[in-house]
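Reviewing the structure listed below.
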Amino acid sequence: MDRSAPIGVFDSGMGGLTVLQAIRKALPQEHLLYIADSAHAPYGDKSLEYIQQRALMLTRFLLEYGPKALVIASNTTTAAAADLLRSTFPVPIVAVEPALKLAVSSTKTGVVGVLVTVATSQSARFATLLERFRQDIEVIIQPAPGLVEQIEAGELTSSTTRALVEYYVTPLLSAEADTIVLGSTHYPHLRPLITDIVGPEVMLIDTGEAVAHQLRRVLEAGELLNEDPEPGGEQFWTSSNTQRAQQVISLLWGTSVDVQQLPSTFI
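Here it is as structure tokens:
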């Protein structure tokens, strides 16, 4: 495998950009490919079979570019399809999971809240994760339908988004949770808003940095780190309207980017 080969990353939409940003910071020389499957977002209310078929299709598209590794930048897709993808394709695959281990070790009150999509909350993989890390800590699972759609629309600070966040975090605060896991890669886009609502004393935990570190370990183990001194670039695709996707991705990425349309056979 060529060290200069790209790394493929995909998500149901814009959420995985938080993971992509962490990867870019940790691995500045790497070339990154990103798919926002926004035409099919949110995955959180889709069936297991639907999510698996989208994951297979997006992976096959990325494999056309000869990636040296793939990243599933979606908690919902990890829960539904990580095992399937790893058993189907030979390329190394790094996946995200809600950061329960860190949350359990960080809480002082013994109460941890977890904001997740409906699909993640109902998955067997998430149930296993809970059993592994719950220990003697009270873990409150809070499905948060509607938040992904607000982020996909670029509505990070609107009154509707604020009302949804307040509705979902209020039960967690009432139970004295001092740590909240952002269990969707979309949710860190709302970190400033969530912090404003819950207060700075509540710790918010996401998995972007951990995924970037795991990706580095995988590349190092395979002697695949890009040694080119020049910084790497990014390519973006969307399954939805390219003009709208370009506006929102540029907003969330922090700089103007070009976004291409996925070929119709992958939509």
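Last residue of the sequence shown: number 1759 in the working numbering, and the count goes up by one each step with no gaps. All C-beta atoms in this analysis are idealised placements derived from N, C-alpha and C, irrespective of residue type, glycine included.
Anticipated Cβ contact below 8 angstroms, residue i with residue j, distance rounded
{"i": "Ile1697", "j": "Val1661", "result": "The pair is not a contact, with the Cβ atoms about 14 angstroms apart (cut-off 8 angstroms)."}
{"i": "Asn1718", "j": "Ser1496", "result": "6 angstroms"}
{"i": "Ile1499", "j": "Ala1561", "result": "5 angstroms"}
{"i": "Leu1716", "j": "Met1493", "result": "6 angstroms"}
{"i": "Arg1654", "j": "Leu1519", "result": "So it is not a contact: roughly 34 angstroms between Cβ atoms."}
{"i": "Pro1635", "j": "Val1608", "result": "6 angstroms"}
{"i": "Val1511", "j": "Thr1677", "result": "5 angstroms"}
{"i": "Leu1621", "j": "Tyr1679", "result": "In fact, because the Cβ distance is near 17 angstroms, the residues do not count as touching under 8 angstroms."}
Exposed unless 16 or more other CB atoms sit within 10 angstroms - verdict on residue i
{"i": "Arg1546", "result": "buried"}
{"i": "Gln1735", "result": "exposed"}
{"i": "Asn1567", "result": "buried"}
{"i": "Gln1627", "result": "exposed"}
{"i": "Lys1538", "result": "buried"}
{"i": "Gly1714", "result": "exposed"}
{"i": "Gln1752", "result": "exposed"}
{"i": "Asp1720", "result": "exposed"}
{"i": "Gly1675", "result": "buried"}
{"i": "Ala1619", "result": "exposed"}
{"i": "Thr1601", "result": "exposed"}
{"i": "Tyr1659", "result": "exposed"}
{"i": "Asp1750", "result": "exposed"}
{"i": "Ala1571", "result": "buried"}
{"i": "Ala1704", "result": "buried"}
{"i": "Ala1533", "result": "buried"}
For residue i, the three-state DSSP class (helix, strand or coil)
{"i": "Gln1544", "result": "helix"}
{"i": "Phe1581", "result": "coil"}
{"i": "Val1610", "result": "helix"}
{"i": "Gly1700", "result": "helix"}
{"i": "Gly1605", "result": "strand"}
{"i": "Val1640", "result": "helix"}
{"i": "Val1588", "result": "coil"}
{"i": "Leu1562", "result": "strand"}
{"i": "Ile1629", "result": "coil"}
{"i": "Tyr1679", "result": "helix"}
{"i": "Tyr1557", "result": "coil"}
{"i": "Val1657", "result": "helix"}
{"i": "Ala1528", "result": "strand"}
{"i": "Val1694", "result": "coil"}
{"i": "Leu1576", "result": "helix"}
{"i": "Thr1620", "result": "helix"}
{"i": "Leu1674", "result": "strand"}
{"i": "Pro1684", "result": "helix"}
{"i": "Pro1635", "result": "strand"}
{"i": "Gly1536", "result": "helix"}
{"i": "Lys1600", "result": "coil"}
Any non-hydrogen atom of the ligand SAM closer than 7 angstroms to residue i Cβ
{"i": "Val1749", "result": "Ligands displayed in this structure: none; no statement on the ligand SAM is therefore possible."}
Enumerate, from N- to C-terminal direction, the unbroken alpha helix (DSSP H) stretches of 4 or more residues contained entirely within the stretch 1493-1522.
-> 1509-1518
Specify whether the stretch 1538-1557 and the stretch 1741-1749 touch according to this definition: at least 3 beta carbon pairs, one from each stretch, less than 8 angstroms apart.
-> no
Mind the definition here: the stretch 1586-1602 touches the stretch 1520-1540 only if three or more C-beta pairs lie below 8 angstroms; say whether that holds.
-> In short, these stretches do not touch, since the Cβ pair count stays below three.
Is the stretch 1649-1664 touching the stretch 1613-1620, taking contact as three or more C-beta pairs under 8 angstroms?
-> A contact between stretches requires three or more CB pairs, one per stretch, nearer than 8 angstroms, and the stretch 1649-1664 fails this requirement with the stretch 1613-1620.
Just list the alpha helix (DSSP H) runs in the stretch 1699-1758, keeping only unbroken ones of 4 residues or longer that don't cross its boundaries, in chain order.
-> 1700-1713 and 1734-1745
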